[in-house]
Ligand SMILES: Cc1cc2nc3c(=O)[nH]c(=O)nc-3n(C[C@H](O)[C@H](O)[C@H](O)COP(=O)(O)OP(=O)(O)OC[C@H]3O[C@@H](n4cnc5c(N)ncnc54)[C@H](O)[C@@H]3O)c2cc1C
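Numbering (our numbering), first residue to last: 3 to 388.
As structure tokens, then:
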């Protein structure tokens, strides 16, 4: 594996860096510098900016609106994006349902849905988990009965990120209860404005509203919104989850968090920072480098057309553990300043004041996208044959 960038890649990096400098707005930089959550308006504005430039659906084939970049270029772009203080894009459209639609969808579905995703015009959310179906996703119970020209959907989804923002939800639904669990699942695209859908908020420990419960009562969904064939939902779900796990690792954003941690360290008076804190940051930097190398393996494999399998679970485990450690170290470094919550005026550094929110929210990172215990089961199966 060659770790040097070519001259063309360095030119590409400079071009992306210059664009980010011009185009990432101050309000976005300030939100990410505090490690806070973007508003719907900020997120959509940023995604539309990227969509207009043709830089939103980075992994997509060019025929559907992808920029035609190599995996190395995508890696460079993501790092420049994060270091410029821009937020990651919402994964549900570009990283999840988009690839599903161009891989499994009909021509009509591609034409109907892909342009809205590639331009950042349509917001999506993911309707997989249910109250009794998280890790054991195949036991999901939301039913879709086939009627004349539509499916009738009844049931409940939970932990649905951004359902209160979304125009569309992609759902795993049960279309057949008489066959083996996995074989009776199908994949439906549902308009969030359809009568019978109710979205109820779930407020998380960081004080924000990211999550929701979504209830379906006699919701009519046109038959043409089924992706693939009936019973194919499990195959599609597995395809999508591999995509989800590599993006959740968030390596580029951990570089940004590390940079903020170092800024904070340098801003504090020397005598106030114990040697232990410096040592801790050095240890985390080594972990980040190790994660980066695993990431490079997936980048190199993708560029060379080689498949990768267990790496996505490994990246998810180590990437989310590192996110947690970085946020914890920021809280510890802030000391008393990290106890400030909802102050109108920052006390000391703004990023310390906000750090407990991020710390608290990131406790969930080892749960969402398939919990880390489940990823360890996947690794044991793939690598050890257990
Ligand atoms: C912040 C956040 C955002 C989310 N966003 C979405 C979303 O947008 N859409 C969506 O569909 N879902 C979403 N989820 C749901 C997420 O995918 C589930 O929480 C996750 O899959 C775990 O399922 P569960 O919560 O039902 O926990 P459970 O499956 O009940 O697990 C409970 C505990 O038992 C462990 N466990 C379970 N089975 C095993 C096993 N076989 N071996 C070892 N340990 C096991 C788990 O690791 C966990 O620690 C989100 C969750 C969070 C926290």
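Even for Gly, the Cβ is constructed at its ideal location relative to N, Cα and C.
Beta-bridge partners assigned by DSSP to residue 260: none are found. CA-CA distance, residue 198 to residue 218, rounds to 6 Å.
Per the C-alpha coordinates, the member of 335, 74, 40 and 363 positioned closest to residue 298 is 74. Relative to the Cα of residue 240, the nearest Cα in the group 372, 38 and 70 belongs to 372.
Judged by beta-carbon spacing, residue 131 lies within the 7 Å limit of residue 160, meaning their Cβ atoms are closer than that value.
Between residue 295 and residue 333, the C-beta gap is not smaller than 7 Å, which leaves the two residues out of contact. A contact is defined here as three or more CB-CB pairs under 8 Å, and the segment 104-114 fails this definition with respect to the segment 150-160. Residue environment for residue 288: exposed (fewer than 16 other C-beta atoms within 10 angstroms of its C-beta). The three-state reading of DSSP puts residue 4 in coil, since its state is none of H, G, I, E or B. Secondary structure at residue 104: helix, using DSSP grouped into helix, strand and coil. Counting every other CB atom within 10 Å of its CB across the protein chains shown gives residue 205 a total below 16, marking it as exposed. Here residue 337 is exposed. Its C-beta has fewer than 16 other C-beta atoms within 10 Å. Between ligand 1 and residue 136, a heavy atom-to-CB distance of less than 6 Å is present. Going by beta carbons, residue 36 and residue 374 fall outside the 7 Å limit. Shortest Cα-Cα distance from residue 125 to any of 138, 96 and 301 involves 96. Set against 6 Å, the gap from the CB of residue 319 to the closest heavy atom of ligand 1 is not smaller. Judged by DSSP secondary structure, residue 333 falls within the alpha helix (DSSP H) whose first and last residues are 312-336. Nearest C-alpha to residue 94 among 307, 58 and 80: 58.
If you look at residue 232, you'll find it isn't in any alpha helix (DSSP H); DSSP assigns it neither H nor E.
The way I'd put it, the segment 20-38 does touch the segment 253-262; three or more beta-carbon pairs between them come closer than 8 Å. A heavy atom of ligand 1 is found nearer than 6 Å to the CB of residue 369. Secondary structure in the segment 85-156: the beta strand (DSSP E) runs of 3 residues or longer, each lying completely within the stretch, are 126-129 and 145-148 in chain order. A residue is called buried when at least 16 other Cβ atoms come within 10 angstroms of its Cβ; residue 321 meets this threshold and is buried. Residue state for residue 178 is assigned as coil, using DSSP reduced to three classes.
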